[in-house]
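Input: a single structure, listed below in structure tokens.
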Amino acid sequence: FSKANKKDLVRKGGLINKGNEQYIVIKTVDTNDKSNSSGYTQNGFQGMAVAPVIQTADGVKVDFSHTIIAYAGTNQKDTKDIITDTENIVRGSKEFNVRTGLNSSSHADSQFTSAEQFYQEVKKIPDVKIDSVTGHSLG
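Sequence positions in the sequence shown follow my numbering and run 1 to 139.
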């Protein structure tokens, strides 16, 4: 995910080439993009599920039995990422406080909660078998 250059973002149905391998994006969530985060707390979470595109005797097909989920890590330029990391990792909380006014705040789901939600949603996609989960830190 590249928050700095949205025109380069790959969404559902897009293809990713990695060396001689090709993957199709089967689901994405980016809570920094309101058009790609329905049902999720705006907490900085980003996730992507991909499946390899393979050549068979019958032609090209998507191998959903080797689906990979990738989570983006902390982006130090994203305030929501820093706040949720502080609450989740330092304080051990599954929620974080969101300022709603000068002297008020409310609780919101953490990125851990969003990651679990994303995993469960991907798992329900027909023919999908999650082969691996990976992630990285941007900060």
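The beta-carbon is built from N, C-alpha and C at its ideal position, and this holds for glycine as well.
All of these numbers come straight from a predicted model, not from anything done at the bench.
Quick check on this structure: which residue in the options has the alpha carbon closest to the alpha carbon of residue i?
i, options, result
"Ala142", "Gln76, Ala72, Ile125", "This structure cannot settle anything about residue 142, because the visible part of the chain is limited to 1 through 139."
"Asp33", "Ala51, Ile54, Arg11", "Arg11"
"Ile69", "Phe112, Asp63, Gln111, Tyr119", "Tyr119"
"Thr41", "Thr74, Ile16, Gln22, Gln117", "Gln117"
"Lys124", "Ser65, His136, Asn20", "Ser65"
Mind reading off the beta-carbon distance from residue i to residue j? Whole number of angstroms is fine, and I expect it under 8 Å.
i, j, result
"Thr28", "Phe45", "Not confirmed; about 11 Å, so no contact."
"Ile130", "Thr67", "5 Å"
"Val50", "Ile26", "7 Å"
Would you mind reading off the limits of the alpha helix (DSSP H) that contains residue i?
i, result
"Ser114", "111 to 123"
Which residues share a DSSP beta bridge with residue i?
i, result
"Tyr71", "Gly47, Gly135"
Residue i lies in the beta strand (DSSP E); which residues open and close that run?
i, result
"Asp141", "Only positions 1 to 139 of the chain appear in this structure, which leaves residue 141 out of reach."
"Gly59", "59 to 62"
The region 55 to 65 contacting the region 36 to 44, beta-carbon criterion three pairs below 8 Å: The region 55 to 65, when compared against the region 36 to 44, does not touch it at the 8 Å Cβ threshold.
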